[in-house]
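So the structure is just underneath, and the comments pick up after that.
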Amino acid sequence: MNTSQQHYDAIIIGAGASGLMCAAQAGYRGKKVRVLDSAPKAGQKILISGGGRSNFTNRQVDPSHYLCSNPHFVKSALARYQPQDFIELVERHGIDYEERDHGQLFCTGSAKQLVEMLLTECDWAGVELSLEAEVCAVERSADGRFLVKTPQQNFSANALVVASGGLSIPKLSSAIGYRVAEQFGLRITPTSAGLVPFTLHVEDKQRLSPLSGLSLPVEIHAACGAAFKRDLLFTHRGLSGPAVLQISNYWQPGEPIWIDFSPEQPLAELLEQQTLLRPNQALKNALGQALPKRLAERICEGLASAEQPLSQLLKQDRSELQQRLHRFQIKPNATEGYRTAEVTRGGIDSDELSSKTFEAKRLPGLYFIGEVVDVTGWLGGYNFQWAWASGHACGAAL
Ligand SMILES: Cc1cc2nc3c(=O)[nH]c(=O)nc-3n(C[C@H](O)[C@H](O)[C@H](O)COP(=O)(O)OP(=O)(O)OC[C@H]3O[C@@H](n4cnc5c(N)ncnc54)[C@H](O)[C@@H]3O)c2cc1C
């Protein structure tokens with residue numbers, strides 16, 4: 174082991190989205206910066222994001238698209254580095270992109286181009302990068318310098334930026350960021366998997382297993398009042414799709430969720446329309462005109478009028494149907510956890526950090542950016558926008 178120590182203005186733990194953005198900004202401002210990453214490649218989560226095309230930002234970014242115990246915390250960084258700033262960077266590097274629904278921007282080619290772009294920026298800014306350099310310990314000396322230890326080499330720096338990301342996809346993640354925070358006495362908001370599919374209790378799993386593979390637009394609601402109109406996918410394990418990932422950020426264990434399977438058409442209108450068309454068709458078939466047949470059967474299950482002509486629909490069945498169609502209640506068993514989650518909810522308590530620079534209020538020189546902080550974005554490019562914005566703000570302050 175080489176125990177010699179190189180000294181830097183700033184060491185950044187993590188060559189991911191926020192770390193590379195921060196490094197390039199600080200480097201351009203003349204700072205001597207070194208980025209350390211345990212992985213053999215930089216930007217591993219960027220590479221796997223958006224099915225390899227990375228949903229790198231969103232046209233509409235607003236503080237309301239983020240969860241944080243202090244909703245004002247995200248405002249400054251998001252205002253100072255906006256989606257348009259990142260889009261201009263992408264365009265300067267000649268990377269083609271496309272807009273999909275809900276304002277989501279994706280690379281037309283490959284997410285690899287984004288990582289190459291960030292590495293090029295770091296290179297131009299004179300940033301030094303070490304891969305396969307796992308930070309295993311951090312110390313602070315009496316003169317306020319940080320000592321950063323990897324199995325190969327130790328480094329010292331005036332500033333330490335923790336950009337080590339969250340806990341999702343365990344083989345690409347580590348808890349070093351939370352450990353460093355704990356070591357220096359910073360509070361951490363409890364962490365859990367976010368943007369993640371739900372698993373179901375055995376009875377629900379059996380009941381809904383015939384729907385496995387079915388995808389449809391719904392409106393989904395959480396107990397706290399959050400609601401999203403997106404697609405839901407029934408899987409052999411439970412519930413997935415954009416609607417479910419979105420609501421998982423707002424779900425707490427033990428709570429139910431509610432699904433509206435016909436958000437654009439109220440039941441009364443649907444029945445009226447079908448009665449006009451074919452008054453003698455069975456209720457089940459009428460519903461099957463508006464919804465996938467398998468789902469219509471499941472919704473009508475056990476109703477006395479399911480096989481009756483529409484004109485003979487019983488009053489009590491109509492109110493039961495109303496519930497099942499527009500407010501289908503289900504209590505998830507759990508989430509699939511970090512194994513398939515896109516993000517980590519919770520993290521370094523925002524009260525511990527400056528919202529302008531991300532420096533720890535109680536420990537000058539120590540910074541936390543990106544997903545390791547208690548900020549979680551919606552699905553749709555918001556988490557990368559947070560990584561770019563927090564990385565940019567921190568890089569400008571180092
Ligand atoms: C499957 C998947 C798909 C996603 N798709 C999208 C999407 O399309 N749009 C979107 O906005 N968000 C998406 N996300 C979320 C997004 O990837 C993260 O929010 C974002 O990467 C966070 O940036 P970060 O810089 O905080 O952390 P990361 O990008 O995760 O970077 C952290 C870096 O720290 C390194 N590291 C960790 N521990 C150590 C250590 N001890 N020593 C040295 N280095 C260490 C890691 O190797 C990693 O390179 C997706 C996530 C996943 C898992």
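Each residue of the sequence shown is one higher than the one before, counting from 174 in my numbering.
The beta carbon of each residue, even a glycine, is placed where N, CA and C say it ideally should be.
- Here DSSP, grouped into helix, strand and coil, assigns P363 to strand.
- Between ligand 1 and C309, a heavy atom-to-CB distance of less than 8 Å is present.
- Ranked by Cα distance from P256, the first of G282, N228 and L340 is N228.
- For W424, the three-state secondary structure derived from DSSP is coil.
- Between ligand 1 and Q326, a heavy atom-to-CB distance of less than 8 Å is absent.
- In the same chain as A479, and ignoring 5 residues on each side of it, the C-beta atoms closer than 6 Å to its own belong to L456, K457 and C473, in chain order.
- A direct Cα-Cα distance of roughly 11 Å separates N231 from W559.
- Counting only runs of 3 or more residues that sit fully inside the stretch 256-326, the beta strand (DSSP E) segments are 270-272, 277-280, 301-303, 310-313 and 319-322, in chain order.
- When secondary structure is reduced to three states using DSSP, I472 falls in the helix class.
- The continuous stretches of alpha helix (DSSP H) do not include A183, which lies in the beta strand (DSSP E) extending over residues Q178 to I186.
- According to the DSSP assignment, Y540 belongs to the beta strand (DSSP E) that extends over L539 to F541.
- CA-to-CA, the gap between A330 and A416 works out to about 44 Å.
- Judged by DSSP secondary structure, R491 falls within the alpha helix (DSSP H) whose first and last residues are K488 to H499.
- When secondary structure is reduced to three states using DSSP, E437 falls in the coil class, being assigned neither helix nor strand.
- Assigned with DSSP and collapsed to three states, K466 falls in helix.
- Distance from G367 to V516 at the Cβ level is roughly 4 Å; contact confirmed, criterion being Cβ atoms closer than 8 Å.
- Considering only Q485, Q447, Q419 and G299, the residue with the shortest C-alpha distance to A199 is G299.
- Proximity to G475 across Y511, R497 and D522 peaks at R497, based on C-alpha coordinates.
- Per DSSP, the unbroken beta strand (DSSP E) holding F401 starts and ends at A400 to F407.
- For the pair Q179 and Q326, the Cα-to-Cα distance works out to about 9 Å.
- Between G350 and F557 a beta carbon distance of about 18 Å is seen, past the 8 Å cut, so the two are scored as non-contacting.
- Relative to ligand 1, the beta carbon of L240 is positioned no closer than 8 Å to any heavy atom.
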